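Under my numbering, the letters of the sequence shown match residues 272 to 576, in that order.
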Amino acid sequence: MNHQLRGVIIPVATPFDAADEAVDVAALELNFGMWGATAVAGYMVLGTNGEFKAIDDDESRTVIATAAANKGDKTLIVGAGRESTRTTIAFIRTLEPWADAIDYISVLTPNYFAKLDDGPALADFYTAVADASPVPVLLYVAPGYANGVTVPPKVLAELADHPNIAGIKDTSPTMMTEYMVAAGSRDDFAVMAGSLSNIMTCLAFDGPGGVVSAANYLPDECARLTDLYFTASPEAARRYYRLLQGVAKSGGGKQGVASLKAAMNIRGYRAGAPRRPLRPIGAEAESQIRAALDTGLAELAAFQA
272 MNHQLRGVII PVATPFDAAD EAVDVAALEL NFGMWGATAV AGYMVLGTNG EFKAIDDDES
332 RTVIATAAAN KGDKTLIVGA GRESTRTTIA FIRTLEPWAD AIDYISVLTP NYFAKLDDGP
392 ALADFYTAVA DASPVPVLLY VAPGYANGVT VPPKVLAELA DHPNIAGIKD TSPTMMTEYM
452 VAAGSRDDFA VMAGSLSNIM TCLAFDGPGG VVSAANYLPD ECARLTDLYF TASPEAARRY
512 YRLLQGVAKS GGGKQGVASL KAAMNIRGYR AGAPRRPLRP IGAEAESQIR AALDTGLAEL
572 AAFQA
C-alpha cells in the first residue's frame, strides 16, 4: 500500500565521490541511516536537489536501488521525468525491480520545447505516463528549473480524475492557490508544496505538507513545522515557520545545491560537492553558513508553541 503524502519529504541530495564524481553509495547509505532516525515522512530522490539532470540512467537506478534498500517505513518518491512520452515511459519500465518499494513516481513537466508544451500536450503526456506506470504518478511543476513550464489549472483538474495520478508537487512561486482550487475537495489527489516558501499556503488550504530542501540538513526541525500545524495550532506553526525560513535561507539556501550540500556536510551528513560544472562554495561562504546554522538551531530549539 502506498504511504500517505503527509508531512515533510526530503528531496534527497545525491552525494558524489570526491575523486571521480561517481555516485557515492556509501555516503548515500549513511545519510539514509541518519534521516531514518528523524521525524520526516519520506524521501524524494532524483529531483532538483538530487541533480538528476547531471545523472545518467544507470546512475539513477543506482540511486533508486540504494533508496529502496534504505527507506525503512518511510515514503519513497522517485523522479523519472524525461523530455518525451516514450523515453519517460521507457525509463519507468526499467524500475520494475523496485516497484514494491517505490510509492510514487514524480514526473517533471517536459520543457525543452517550452512553447510546444501547451495544455493538451501536457494532458496527453501525463495521461500516457500514468497509464503505463506500475505505481501512482505525481505531477512535478518547477518553472524556475523547467523553462517556465507549468501545468494549467484546467489541465490539472482533468488529470486529477485519472486513477493513477495521485497529486502534484508544486515548486512554482504563484500557482499553489490555483492548483488547490482546481483540485477541489478530492481526498485522492494531493497538492503538495515543493518548497519551504509555499508550504504554509499549502497547509492553509488543508494540503498535506511538502518537499523541503532544508530537510536534507534540518530534518527534525522541518518535520516539526507540519507537526505543529496538525497537532498544536496554525498560529504556532506560522511563528515557527518564520524562524525556520530564516535559518533555511541563511544556512543553506543562498547558492542552491552547492550551499545545501555545504550545510549537510556541516551537520554531519556526507554530501560532498555538486557535480561539475556546478562548483562548491568557498571557505568564507561555508563559515557564514556554519555561523547561521549555529544561531538558527539555537533559536529553533528554544521555540515554544
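Glycine included, every Cβ here is placed at the ideal spot set by N, Cα and C.
Bear in mind the structure is a predicted one, so any value in this text is a computation, not a measurement.
Going along the chain, which residues of its own chain have a beta-carbon closer than 6 Å to the beta-carbon of residue 303, five neighbours each way excluded?
If you number the sequence shown from 1, residue 303 lands on position 32. Same-chain partners within the cutoff: 341.
Could you tell me which residues DSSP puts in a beta bridge with residue 408?
Sequence index remark: in the sequence shown, residue 408 carries index 137 (1-based). Answer by DSSP bridge pairing, in chain order: 376, 436.
According to the neighbour-count rule (16 or more other Cβ atoms, all chains shown, within 10 Å of its Cβ), is residue 569 buried or exposed?
Along the sequence shown, one-based indexing puts residue 569 at 298. When all chains shown are included, residue 569 counts as exposed.
Three-way DSSP call (helix, strand, coil) for residue 461 in this model
As a working mapping, residue 461 is identified with position 190 in the sequence shown. It is a strand residue.
State the Cα-Cα distance for the pair residue 390 and residue 355, rounded to the nearest angstrom.
For the purposes of this step, residue 390 is identified with residue 119 of the sequence shown, where counting begins at 1. For the purposes of this step, residue 355 is identified with residue 84 of the sequence shown, where counting begins at 1. Computed Cα separation, rounded: 15 Å.
Suppose you measure from the CA of residue 381 to the CA of residue 536; what does that come to, to the nearest Å?
Here the question's residue 381 lines up with position 110 in the sequence shown. Here the question's residue 536 lines up with position 265 in the sequence shown. Computed Cα separation, rounded: 32 Å.
Can you give me the Cβ contacts of residue 463 inside the same chain, cut-off strictly under 8 Å, excluding the 5 residues immediately before and after it?
Along the sequence shown, one-based indexing puts residue 463 at 192. So the qualifying residues of the chain are 276, 280, 409, 438, 439, 440, 441, 473, 478, 479, 480, 481, 482.
Can you tell which of 293, 450, 435 has the C-alpha that lies nearest to the C-alpha of residue 428?
Here residue 428 corresponds to residue number 157 of the sequence shown, with the count starting at 1. Of the candidates 293, 450, 435, the one whose C-alpha sits nearest the C-alpha of residue 428 is 450.
What three-state label does DSSP hand residue 446 in the structure shown?
In the sequence shown, counting from the first residue as 1, residue 446 sits at position 175. Coil at residue 446, not helix or strand.
Extent of the continuous alpha helix (DSSP H) run through residue 522:
Here residue 522 corresponds to residue number 251 of the sequence shown, with the count starting at 1. Where residue 522 is concerned, the enclosing alpha helix (DSSP H) stretches over 505-523.
So if DSSP puts residue 501 in a beta bridge, which residue, or which two residues, is it bridged to?
As a position in the sequence shown, residue 501 is number 230, starting the count at 1. Paired residues: none, contrary to the question.
Measure from the alpha carbon of residue 375 to the alpha carbon of each residue in 336, 314, 433, 278, then state which is nearest.
Locating residue 375 in the sequence shown gives position 104, where the first residue counts as 1. Of the candidates 336, 314, 433, 278, the one whose C-alpha sits nearest the C-alpha of residue 375 is 314.
Below 8 Å between beta carbons: does that hold for residue 333 and residue 300?
Taking the first residue of the sequence shown as position 1, residue 333 is located at position 62. Taking the first residue of the sequence shown as position 1, residue 300 is located at position 29. Against a cut-off of 8 Å, the Cβ pair of residue 300 and residue 333 comes out as no contact.
Residues in the same chain with beta-carbon distance under 7 Å from residue 359, minus the five sequence neighbours each way, listed in chain order, please.
In the sequence shown, the residue the question calls residue 359 occupies position 88. Around residue 359: 351, 352, 353, 378, 400.
Using the C-alpha atoms, what's the distance from residue 486 back to residue 305?
For this step, residue 305 is matched to residue 34 along the sequence shown. For this step, residue 486 is matched to residue 215 along the sequence shown. Looking at the two C-alpha atoms, the distance is approximately 12 Å.
Contact set for residue 308: own chain, Cβ-Cβ below 7 Å, skip 5 residues either direction:
One-based indexing of the sequence shown puts residue 308 at position 37. Nothing listed; no residue qualifies.
With distances taken between CB atoms, is the gap from residue 512 to residue 471 smaller than 8 Å?
Position 241 of the sequence shown holds residue 512. Position 200 of the sequence shown holds residue 471. For residue 512 and residue 471, yes; Cβs fall inside 8 Å.
Whole angstroms are fine: how far does the CA of residue 366 sit from the CA of residue 272?
For this step, residue 272 is matched to residue 1 along the sequence shown. For this step, residue 366 is matched to residue 95 along the sequence shown. Because the pLDDT at residue 272 is just 34, under 50, the model does not fix this residue reliably, and the value given afterwards should be weighed accordingly. When rounded, the distance between both Cα atoms is 17 Å.
Quick check on the DSSP output: the alpha helix (DSSP H) that includes residue 545 runs from which residue to which?
Looking up residue 545 in the sequence shown gives position 274. Neither: residue 545 is in no alpha helix (DSSP H) and is coded neither H nor E.
Rounded to whole angstroms, what is the Cα-Cα separation between residue 213 and residue 406?
The requested residue 213 is not part of the displayed model; the chain covers only 272 to 576.
Three-state secondary structure (DSSP) at residue 277?
Residue mapping note: residue 277 aligns to position 6 of the sequence shown, counting from 1. Three-state result, residue 277: coil.
Touch check for the stretch 527-547 and the stretch 289-297: three-plus C-beta pairs under 8 Å?
yes
Less than 6 Å between C-beta atoms, sequence neighbours within five positions excluded: which residues of the same chain meet that for residue 418?
The count along the sequence shown starts at 1 and reaches residue 418 at position 147. The residues are 382, 385.
Beta-carbon gap between residue 325 and residue 498 smaller than 8 Å:
Here residue 325 corresponds to residue number 54 of the sequence shown, with the count starting at 1. Here residue 498 corresponds to residue number 227 of the sequence shown, with the count starting at 1. No.
I believe residue 526 touches residue 552 by the beta-carbon criterion, under 8 Å. Please report the beta-carbon distance rounded to the nearest angstrom.
Locating residue 526 in the sequence shown gives position 255, where the first residue counts as 1. Locating residue 552 in the sequence shown gives position 281, where the first residue counts as 1. Residue 526 to residue 552, Cβ: 6 Å. Contact.
Would you mind stating whether residue 542 and residue 286 have Cβ atoms separated by less than 8 Å?
Along the sequence shown, one-based indexing puts residue 542 at 271. Along the sequence shown, one-based indexing puts residue 286 at 15. Yes, the Cβ-Cβ distance between residue 542 and residue 286 is below 8 Å.
What's the call for residue 431, buried or exposed, on a 16-neighbour Cβ count within 10 Å?
To locate residue 431, count along the sequence shown from 1; it is residue 160. Classification for residue 431: buried.
Would you please state the rounded distance, in angstroms, between the beta carbons of residue 508 and residue 496? I believe it to be under 8 Å.
Residue mapping note: residue 508 aligns to position 237 of the sequence shown, counting from 1. Residue mapping note: residue 496 aligns to position 225 of the sequence shown, counting from 1. Their Cβ separation, rounded to whole angstroms, is 6 Å, which keeps residue 508 and residue 496 in contact under 8 Å.
Which residue marks the beginning of the alpha helix (DSSP H) containing residue 393, and which one marks its end?
Counted from its first residue, the sequence shown places residue 393 at position 122. Residues 390-403.
C-alpha gap between residue 555 and residue 528, whole angstroms
Counting from 1 along the sequence shown, the entry for residue 555 is found at position 284. Counting from 1 along the sequence shown, the entry for residue 528 is found at position 257. Approximately 17 Å, taken between the alpha carbons.
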